[in-house]
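>
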Amino acid sequence: MPRTPQNIPHDHWKLAMTRGIGPIEGRNLLEAFGSATNALAASVTELEEVLRRGADEVRRNMDAVNVQREFEEMDRESVCGILPGDSDWPELLKTATPEPLALWVRGAFQEADRFSVAVVGSRICTAYGMEQADRFAGWLAEQGFTIVSGGARGIDAAAHRSALRHHGRTVVVLAGGVGRAYPPEHAPLFDSVVAAGGVLCSEFPTYHPSEGGLFPRRNRIISALSLGTLLIEARLNSGALITGRLAAESHGREVMAVPGRVDSPSSEGCHRAIREGWAALVTNVADVSQQLRSSSMLVAGAIAARKNTGADVLHEVKPAAGVLKLTPAMEQVLAAARSMRSIDYDELSQKTNLGIAEVMAAVTRLELSGIRLRNCI
């Protein structure tokens, strides 16, 4: 369970709240001084040796932090905190380099969030973009994937709403505090996410304003929390395109892009990502399943890609602690696979009466849970 303010280490929280200290600076300070308490007690000269510049301002910012007031604000808004190393710290976030110092949360992450996909795109989008966000996010939610996005207008909001409408989980990552909805008109949406069992999270204190310079940090968390990132109507130089690049280059995750009209500025970023080769073109949910299945990442022993060697159809490996309960589709596919000498998606579809896309999604989730179906084509 997330920590209530009464169970949060005071000095670590103060360090996480200090302006001018992000994940990199925070980790450097913790490594240099051994603890948040020692870092907070350091002189300007000592801070300069670690931070190189801006030590005077950081020292002033440290002294200005009012942790007790923040704890009161967290209580008022039913906000909790989680730290790296906590049992409910997201598995996928452990691969972020460096990890955030802390997260403010409404709601709680679950084991199911190991199966997360980011759906991001333009705030100014077309009806086509909204339709595709609804289509892809809804199907992924139905198949048990958690939908991660940034809570912004346009594609982000459409993805969150589709996940809720299909009774799925969704995670909203904000560039400001979780007690201050941005954009303001999305406050009811964010409340609905938490009420449905989802999560609202941020690196920043409860009432921290959403500032332009903080959106790249938000985008980094979105990409790190997700197995793959799906771009829908991402413009050139957009935050969504930055999220995709972070996923591909910083986290080694799959990036997919939905093509749009060739003359639409809303899709220029998607088309460039496809043309440059760091995003796969996807036009349907089966394409998304295939891309997720081909993921080559390994996260805390739970998410792995293993070369297919040997002739066995089914190869079971020891999964991570707290493996998820199988969905009905996963159970059907697993049962069918046990009776087959070799496997292809068409045959699995016939044996289970599931669509090809549903079969591919089930295979993806089985493999990410540690159960590998060999020789799938």
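Position in the sequence shown (from 1) plus 1104 gives the number in my numbering. In this text, a Cβ means the ideal position worked out from N, Cα and C, and glycines have one as well. Model, not experiment: these values are computed from the prediction.
Please give the ranges of any beta strand (DSSP E) in the segment 1185–1267, keeping only runs that are unbroken, at least 3 residues long and fully inside the region.
Counting whole runs of 3 or more residues, the segment 1185–1267 contains the beta strand (DSSP E) stretches 1207–1210, 1220–1225, 1250–1253.
> Are the Cβ atoms of residue 1251 and residue 1229 separated by less than 8 Å?
For residue 1251 and residue 1229, no; Cβs fall outside 8 Å.
> For residue 1330, which of helix, strand or coil comes out of DSSP?
Coil.
> Go ahead and pull the three-state DSSP assignment for residue 1314.
In the structure shown, residue 1314 sits in coil (DSSP, three-state: anything other than H, G, I, E or B).
> Helix, strand or coil for residue 1470, going by three-state DSSP, please let me know.
Residue 1470 falls in the helix class under three-state DSSP.
> In the DSSP assignment, the alpha helix (DSSP H) including residue 1134 goes from what residue to what residue?
From DSSP, the alpha helix (DSSP H) with residue 1134 extends over 1127–1137.
> According to the neighbour-count rule (16 or more other Cβ atoms, all chains shown, within 10 Å of its Cβ), is residue 1143 buried or exposed?
Buried, since its Cβ has 16 or more Cβ neighbours within 10 Å.
> Determine the extent of the beta strand (DSSP E) in which residue 1360 is found, giving its start and end residues.
From DSSP, the beta strand (DSSP E) with residue 1360 extends over 1358–1362.
> Residue 1407 to residue 1471, Cα distance in whole Å?
Note on residue 1407: pLDDT 39, under 50, position unreliable in the model; no value is reported.
> Mapping DSSP to helix, strand and coil, what is residue 1482?
With the chain covering only 1105 through 1481, there is no way to say anything about residue 1482.
> Does the Cβ of residue 1340 have 16 or more other Cβ atoms within 10 Å, making it buried, or fewer, making it exposed?
Exposed, since its Cβ has fewer than 16 Cβ neighbours within 10 Å.
> Note down the Cα distance separating residue 1438 from residue 1243, rounded to an integer number of angstroms.
Cα-Cα distance, rounded: 21 Å.
> Measuring straight from C-alpha to C-alpha, what distance separates residue 1421 and residue 1324?
Bear in mind that the predicted position of residue 1421 carries a pLDDT of just 33, short of 50, making it too unreliable to give a figure here.
> For residue 1387, name the three-state secondary structure that DSSP assigns.
Residue 1387 falls in the coil class under three-state DSSP.
> Alpha carbon to alpha carbon, what distance is there between residue 1219 and residue 1105?
So the two alpha carbons sit approximately 19 Å from each other.
> List the DSSP bridge partners of residue 1346.
Answer by DSSP bridge pairing: none, since residue 1346 is not bridged.
> Considering only the beta carbon of each residue, do residue 1352 and residue 1362 sit closer than 8 Å?
Cβ distance not < 8 Å, so residue 1352 and residue 1362 don't count as in contact.
> Whether or not the segment 1296–1314 and the segment 1272–1279 are in contact is what I'm after, with contact meaning three or more pairs of Cβ atoms, one per stretch, closer than 8 Å; do they touch?
Yes, the segment 1272–1279 is in contact with the segment 1296–1314.
> Count the other CB atoms within 10 Å of the CB of residue 1168; is the residue buried (16 or more) or exposed (fewer)?
Per the 10 Å Cβ criterion, exposed.
> Could you check if residue 1139 belongs to the surroundings of the ligand FAD, using beta carbon to heavy atom distance under 7 Å?
The model on display carries no ligand, and the ligand FAD is accordingly not part of it.
> Relative to the C-alpha of residue 1132, which residue among 1152, 1117, 1114, 1445 is closest?
The candidate whose alpha carbon is nearest that of residue 1132 is 1152.
> Starting from the C-beta of residue 1403, find all residues in its chain whose C-beta is less than 8 Å away, skip the five residues before and the five after it, and write them out in chain order.
A caution first: residue 1403 carries a pLDDT of 37, below 50, which makes its placement in the model too unreliable to give a value.
> Have a look at residue 1263 and residue 1146 and give me their C-alpha separation to the nearest angstrom.
Taking the straight line joining both Cα atoms gives about 45 Å.
> Answer yes or no: do residue 1440 and residue 1452 have a C-beta to C-beta separation smaller than 8 Å?
Yes, the pair counts as a contact, with Cβ atoms nearer than the cut-off.
> Beta carbon of residue 1326, beta carbon of residue 1222: below 8 Å?
Yes, these two residues count as a Cβ contact at 8 Å.
> Check residue 1122 in the structure and name its three-state DSSP category.
Of the three classes helix, strand and coil, the one that applies to residue 1122 here is coil, per DSSP.
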